[in-house]
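Here the structure comes first, spelled out in structure tokens, and everything after it is commentary.
Residue numbers (our numbering): 129 to 406.
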């Protein structure tokens, strides 16, 4: 029998058990799909609306994990129920089979939701010549404790939303060299050290020196001439009032457009301009 692997069990069901069996299986599978989709929508919606949002979802590549979750929990789970739901089975055996399927689903959902939770964006950090999105899992625990002891203003919380901060290298040359040396050997960078965080507005002078002009976006991947015209209309600001800075994510990159005078982030666009920085 040819065709995708998941079609064959369905064909066997149809030809083996007849109409009553098919209706029974479809009803249980449909209820399973409805329950799975509802739980998935609740969890994914809460994570997106509560902590990720745009562009955190895009920059951290959360959509890839969500795709796997949808396949496992809203796809394979109900399909497995369709296959095992034989009305001729004793009720006890049928309950056992479906319970096992649900337990596997819950384990996959728990793992996926946990991964999304520790990967949620905690900070958008300006440092040197770029903005980096820093997920919870990347924040150095020792630095958090040190920042807490120092009365830091930007401590991560269990339910804290992404914060905009500036992370300059420390003025102390020894501390600066230590950070650079650790980075060379795979250690945490200053962008993941809350004890060095300062308000973004304090870094506006350094930011202005690194801003690209808005016109640098035109012609780059993700920004056609038509897209650029639509962007300028959307921003409705003179170009000289705007500054562009590359954004580095875990999965995707892009740019933030800022108000040059205040440093306020105005808009994100998935446009690559790294060559312009070179």
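For each residue, glycine too, the CB sits at the ideal point set by N, CA and C.
Check	Outcome
With distances taken from CA atoms, which of 256, 153, 371 is nearest residue 217?	153
Please work out which residues of its chain come closer than 6 Å, Cβ to Cβ, to residue 197, disregarding the five sequence neighbours upstream and downstream, and give them in chain order.	240
Would DSSP call residue 152 helix, strand or coil?	helix
Nearest-angstrom Cα distance between residue 247 and residue 263?	5 Å
Use the C-beta contact count for residue 229: other C-beta atoms within 10 angstroms, 16 or more gives buried, fewer gives exposed.	buried
Thinking C-alpha only, which one of 320, 291, 158 is nearest residue 268?	320
Between which residues of its own chain and residue 184 is the CB-CB distance below 8 Å, once the five residues before and five after are set aside?	190, 248, 249, 261, 290
Determine contact between the segment 290-309 and the segment 321-340, defined as no fewer than three beta-carbon pairs at a distance below 8 Å.	yes
What residue range is occupied by the uninterrupted alpha helix (DSSP H) comprising residue 225?	219-246
Do the segment 326-333 and the segment 358-377 meet, that is, are 3 or more Cβ pairs less than 8 Å apart?	no
Quick check on residue 300: buried or exposed, where buried means 16 or more other Cβ atoms within 10 Å of its Cβ?	exposed
If you scan the segment 262-306 from start to end, which runs of the beta strand (DSSP E) of 3 or more residues do you find wholly inside it?	291-294
Would you report the Cα separation of residue 221 and residue 160, rounded to the nearest angstrom?	17 Å
Tell me which residues share the same chain as residue 271 and place their Cβ nearer than 6 Å to its Cβ, disregarding the 5 neighbours each side in the sequence.	321, 322, 323
May I have the straight-line CA-CA distance separating residue 391 from residue 252, to the nearest angstrom?	13 Å
So residue 164 packs on residue 201, CB below 8 Å; how close in whole Å?	5 Å
Using the C-alpha atoms, what's the distance from residue 325 back to residue 294?	6 Å
Could you give the distance in angstroms between the alpha-carbon of residue 352 and the alpha-carbon of residue 345?	9 Å
Name the two residues that bound the continuous beta strand (DSSP E) containing residue 333.	Per DSSP, residue 333 belongs to no beta strand (DSSP E); it is in the alpha helix (DSSP H), 332-338.
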